[in-house]
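Below is one structure; the comments refer to it alone.
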Amino acid sequence: MTTRNTDDILSRVTDWHRFSVDLAAYLASSGHIELAHAVESGASEALMALVRAGEGSRSSQ
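So the sequence shown is numbered by my numbering: it starts at 94 and just counts up by one.
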């Protein structure tokens with residue numbers, strides 16, 4: 094994967110993560126605490142998976 098592709102993917106995932114955190118905050122403020130927690134947990138897990146994948150691709154180069 095090229096650096097440009099990696100940067101593009103990272104940018105999109107970062108945007109998605111920000112959206113997910115904002116959505117979780119909205120849900121929590123609306124009284125949907127369990128759903129907010131699930132959204133935020135899923136967003137964090139996805140971001141960490143991307144970091145792990147990036148570390149793996151760097152070590153294989």
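A virtual CB, placed ideally from N, CA and C, is assigned to each residue, including glycine.
Contact between Leu143 and Val106 is confirmed by a C-beta separation of about 5 Å, below the 8 Å threshold. Between the C-alpha atoms of Glu138 and Asp100 there is a straight-line separation of about 19 Å.
Spanning the alpha carbons of His130 and Asn98 requires a straight line of approximately 31 Å. Cα atoms of Arg145 and Ser122: separation of roughly 32 Å, rounded to the nearest angstrom. The residues Trp109, His110, Ser113, Val114 and Ala117, in chain order, have a CB closer than 8 Å to that of Ala136 in the same chain once the five nearest residues on each side in sequence are set aside.
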